[in-house]
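Participant: First to last, the protein sequences are chains A and B. For the first sequence, the positions run 248 to 570 when our numbering is used. For the second sequence, the positions run 160 to 373 when our numbering is used. All residues carry an ideal CB built from backbone N, CA and C; glycine is no exception. Predicted model, so just to flag it, every value in this text is computed and none were measured. Below: one structure in structure tokens.
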Amino acid sequence: METRASHVLVGSFVLLFLAGLVAFAIWIAKVDLDAEYRDYDIYFDGSVSGLYKRSIVYYSGIPVGDVRDITLAPHDAQKVRVWVRLRAEVPVTEGAKARLEFQGLTGVAYIEIKGGPPGGATIVVEEDQERPIIEAEASAFQAVFESAPNLLNEAIAAVVQIQKLLDDDNILAVSNILKNTDGLTANLARGTNDIEQVVAEARAVLIKATDAADNISKLAASGNELLEHDAGRLVNEAVGAMQAATTMINRIDGLVAANEGNITQFVGGSLPEVSRMIVDLRATSQSLSRLMKRLEQDPAEIIFGIKEAKYDLKSRKAKEGGK
Amino acid sequence: MNLHFAKNIKTLTSVVGLFALTACGPLISLGNDGPADEVFSLRYPAAFKNASATGPIIYVDGPQLVEGIDGRGVAVRLAGNKRTVLEGAAWAAHLSDLVRDYVIHALASQTNVNLVSEGGLDIEAGCRLGIKVWAMEFVPGKSASEDQVQVAMQFSLVRLADSKLLAHPTFSKNEAVISSDGSGVVAAFNAAMESASHDYSRWLNERAGECGRN
Numbered sequence: 248m249e250t251r252a253s254h255v256l257v258g259s260f261v262l263l264f265l266a267g268l269v270a271f272a273i274w275i276a277k278v279d280l281d282a283e284y285r286d287y288d289i290y291f292d293g294s295v296s297g298l299y300k301r302s303i304v305y306y307s308g309i310p311v312g313d314v315r316d317i318t319l320a321p322h323d324a325q326k327v328r329v330w331v332r333l334r335a336e337v338p339v340t341e342g343a344k345a346r347l348e349f350q351g352l353t354g355v356a357y358i359e360i361k362g363g364p365p366g367g368a369t370i371v372v373e374e375d376q377e378r379p380i381i382e383a384e385a386s387a388f389q390a391v392f393e394s395a396p397n398l399l400n401e402a403i404a405a406v407v408q409i410q411k412l413l414d415d416d417n418i419l420a421v422s423n424i425l426k427n428t429d430g431l432t433a434n435l436a437r438g439t440n441d442i443e444q445v446v447a448e449a450r451a452v453l454i455k456a457t458d459a460a461d462n463i464s465k466l467a468a469s470g471n472e473l474l475e476h477d478a479g480r481l482v483n484e485a486v487g488a489m490q491a492a493t494t495m496i497n498r499i500d501g502l503v504a505a506n507e508g509n510i511t512q513f514v515g516g517s518l519p520e521v522s523r524m525i526v527d528l529r530a531t532s533q534s535l536s537r538l539m540k541r542l543e544q545d546p547a548e549i550i551f552g553i554k555e556a557k558y559d560l561k562s563r564k565a566k567e568g569g570k
Numbered sequence: 160m161n162l163h164f165a166k167n168i169k170t171l172t173s174v175v176g177l178f179a180l181t182a183c184g185p186l187i188s189l190g191n192d193g194p195a196d197e198v199f200s201l202r203y204p205a206a207f208k209n210a211s212a213t214g215p216i217i218y219v220d221g222p223q224l225v226e227g228i229d230g231r232g233v234a235v236r237l238a239g240n241k242r243t244v245l246e247g248a249a250w251a252a253h254l255s256d257l258v259r260d261y262v263i264h265a266l267a268s269q270t271n272v273n274l275v276s277e278g279g280l281d282i283e284a285g286c287r288l289g290i291k292v293w294a295m296e297f298v299p300g301k302s303a304s305e306d307q308v309q310v311a312m313q314f315s316l317v318r319l320a321d322s323k324l325l326a327h328p329t330f331s332k333n334e335a336v337i338s339s340d341g342s343g344v345v346a347a348f349n350a351a352m353e354s355a356s357h358d359y360s361r362w363l364n365e366r367a368g369e370c371g372r373n
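Structural data, given as structure tokens:
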């Protein structure tokens, strides 16, 4: 007897197994069969390195889609067009911005979309566009990476300059400056005592100056008092003295006029004689000085002359006991 | 009393006698004086010139002589810093007087300056000229042909109005001695003095204008 029912049973079992396998795969893949999606284009300036197909697209930190394709922009090779697919319920309105971000330091990139203002119009496709376009903006990481080569070059140049600055000569010079500064501060510290002494002396001088000013003020007051009380008497005495002097001068003038001839003779003749007498006295004084000097040294020399060996021109020698 | 008086008289007579004997010393021969010295003078060889009426008046001080050459002996400088005087030769007057007269004569002949010296103190002068004689000596050489005389004088021109020292130059001359006797030596001195006079006369002509016109 032939068993036919077993084939139906095996086939049913296999179909059931395959259906379960598909359901398991769908469950594992978390495929949302009911989900609706919208496609957008994002144009980035410059490199999008680290971004690949299937890279995740976040909206305010929530994964809402993925990257479908990455190509150069059709009309501008400087830009990169990234085709993304987002869930339909994501509110991509006018003013939304897309940025390229990186996960830590791994280099894996993703796209972060920041929504536009609430109540804004939804982005729609234009006539010459394949998909609606989300405006891109440069992220901080992009700016850093773009400027990193320049920063590195500048850092290397700075290191070279620092190496030049810190050569042995400059280090020695800086060392000397530090030593000098140390000495200067030490001297300054020592000089503080002197400064204090100077300040103390200046204070003493100011005190004396104040006393002197007080004395001068008192003197001025005394002078004022003197002028007020005794000035009249002093002026009268001065006038009297001037009158007496005038009288005396008049008398002298008369005396000179009466003896003009004698005075002229005295001035013209006697005064020069006095001068000559002074000259003679000076000469006599010099002679006496010489004589006294010789007398002190050798009194016998005055009478017998000095005993010295005189030079004889004929023998060309100094002869002892010369005349 | 009489004895005491007689004793005083004897003492007085003895003292007076001793003084009289001393006073006669120069008249008494005290040994062999030998031949008399030859007496020489310094004399500027040009004729006298009338003083300028417009030139400045300068009073000339008596020269100051360094020790060793001051006197009437003709100074000799020997090796080893020895000094002496020439045997048998003497200056006619004190050397300072001879130098002063020579300088005045030379300047009066070669400049337009009116020079007055002692005796002219009552004349108002513009400047005073001081003279310091550093050398006026005979210097024997190794041989007679190398004998020479040296003369060095330093002048100080002082303006009397403000007592300012206008100049202070020194003039030095060496002159060879032609003949080895007193006359030859003094001739060399005169030649050196004349040679120096040209230099200091030229100098005074240049500076005399600063003494004003009296």
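Do you know how far the Cα of Tyr-305 of chain A is from the Cα of Val-331 of chain A?
Facilitator: Counting from 1 along the first sequence, the entry for residue 331 of chain A is found at position 84. Counting from 1 along the first sequence, the entry for residue 305 of chain A is found at position 58. Whole-angstrom Cα-Cα distance: 11 Å.
Participant: For the beta strand (DSSP E) holding Pro-139 of chain B, just list the boundary residues, first then last.
Facilitator: With chain B covering only 160 through 373, there is no way to say anything about residue 139 of chain B.
Participant: Hey, does Arg-563 of chain A have any beta-carbon neighbour from chain E nearer than 8 Å?
Facilitator: Absent here is chain E; the protein component of the structure consists of chains A and B.
Participant: Tell whether a beta-carbon distance below 8 Å holds between Val-317 of chain B and Arg-287 of chain B.
Facilitator: Numbered from its first residue, the second sequence carries residue 317 of chain B at position 158. Numbered from its first residue, the second sequence carries residue 287 of chain B at position 128. Cβ atoms of Val-317 of chain B and Arg-287 of chain B: closer than 8 Å.
Participant: What's the gap between the Cα of Ala-165 of chain B and the Cα of Pro-546 of chain A?
Facilitator: If you number the second sequence from 1, residue 165 of chain B lands on position 6. If you number the first sequence from 1, residue 546 of chain A lands on position 299. In a straight line, the C-alpha of Ala-165 of chain B is about 34 Å away from that of Pro-546 of chain A.
Participant: Along the segment 295-312 of chain B, what residues have a CB closer than 8 Å to any CB found in chain A?
Facilitator: Phe-297, Pro-299, Ala-303
Participant: Using beta carbons (cut-off 8 Å, strictly below), is Lys-557 of chain A in contact with chain B?
Facilitator: Position 310 of the first sequence, counted from the start, is the residue given in the question as residue 557 of chain A. Judged by the 8 Å Cβ criterion, Lys-557 of chain A is in contact with chain B.
Participant: Using the Cβ count rule (16 or more neighbours within 10 Å means buried), how would you classify Val-258 of chain B?
Facilitator: Counting from 1 along the second sequence, the entry for residue 258 of chain B is found at position 99. It is buried - the Cβ of Val-258 of chain B has at least 16 other Cβ atoms within 10 Å.
Participant: What are the residues in the segment 221-246 of chain B lying within 7 Å of chain A by C-beta distance?
Facilitator: Val-235, Leu-237, Thr-243, Val-244, Leu-245, Glu-246
Participant: Would you be able to state if there are at least three C-beta pairs under 8 Å between the segment 334-341 of chain A and the segment 361-370 of chain A?
Facilitator: yes
Participant: Using the Cβ count rule (16 or more neighbours within 10 Å means buried), how would you classify Glu-296 of chain B?
Facilitator: For the purposes of this step, residue 296 of chain B is taken as residue 137 along the second sequence, with counting starting at 1. The residue is buried, with at least 16 neighbouring Cβ atoms inside 10 Å.
Participant: Could you list the residues in the segment 333-345 of chain B with a C-beta less than 8 Å from some C-beta on chain A, going in chain order?
Facilitator: Correct list: Ser-339, Asp-340, Gly-341, Val-344.
Participant: If you follow the alpha helix (DSSP H) that Asn-364 of chain B is in, where does it begin and where does it stop?
Facilitator: As a working mapping, residue 364 of chain B is identified with position 205 in the second sequence. Asn-364 of chain B -> alpha helix (DSSP H) spans 341-366.
Participant: Would you tell me roughly how many angstroms separate the C-alpha atoms of Val-235 of chain B and Val-244 of chain B, rounded to the nearest one?
Facilitator: In the second sequence, the residue the question calls residue 235 of chain B occupies position 76. In the second sequence, the residue the question calls residue 244 of chain B occupies position 85. The straight-line gap from Cα to Cα measures roughly 5 Å.
Participant: Pull up the CB-CB distance for Phe-291 of chain A and Val-327 of chain A, whole angstroms please, since I reckon it's below 8 Å.
Facilitator: In the first sequence, residue 291 of chain A corresponds to position 44, counting from 1. In the first sequence, residue 327 of chain A corresponds to position 80, counting from 1. 5 Å between Cβ atoms; contact.
Participant: Would you decide whether Gly-232 of chain B is buried or exposed? Buried here means 16 or more other CB atoms lie within 10 Å of its CB.
Facilitator: One-based indexing of the second sequence puts residue 232 of chain B at position 73. Gly-232 of chain B comes out buried.
Participant: Would you call the segment 297-307 of chain B in contact with the segment 333-345 of chain B, where contact means no fewer than 3 C-beta pairs closer than 8 Å?
Facilitator: yes
Participant: Would you say Asp-316 of chain A and Arg-378 of chain A are within 8 Å of each other, going by their C-beta atoms?
Facilitator: As a first step, residue 316 of chain A must be located in the first sequence, where it is residue number 69. As a first step, residue 378 of chain A must be located in the first sequence, where it is residue number 131. No, Cβ-Cβ distance for Asp-316 of chain A and Arg-378 of chain A is not below 8 Å.
Participant: Does DSSP put Ser-188 of chain B in a helix, in a strand, or in coil?
Facilitator: Along the second sequence, one-based indexing puts residue 188 of chain B at 29. Any reading at Ser-188 of chain B must be qualified, since the residue scores a pLDDT of 49, below 50, and its modelled position is unreliable; no value is offered.
Participant: Look up Phe-260 of chain A in the DSSP assignment and say whether it is helix, strand or coil.
Facilitator: Here residue 260 of chain A refers to the residue found at position 13 when the first sequence is read from its first residue. Reduced to three states, the DSSP call for Phe-260 of chain A is helix.
Participant: Among B:Asn-209, B:Leu-319, B:Phe-207, which one has its Cα closest to the Cα of Asp-220 of chain B?
Facilitator: Your numbering for residue 220 of chain B matches position 61 in the second sequence. Ranking the options by Cα distance to Asp-220 of chain B, first place goes to B:Leu-319.
Participant: Tell me whether the beta-carbon of Leu-224 of chain B lies closer than 8 Å to the beta-carbon of Leu-254 of chain B.
Facilitator: For the purposes of this step, residue 224 of chain B is taken as residue 65 along the second sequence, with counting starting at 1. For the purposes of this step, residue 254 of chain B is taken as residue 95 along the second sequence, with counting starting at 1. Contact flag set, yes.
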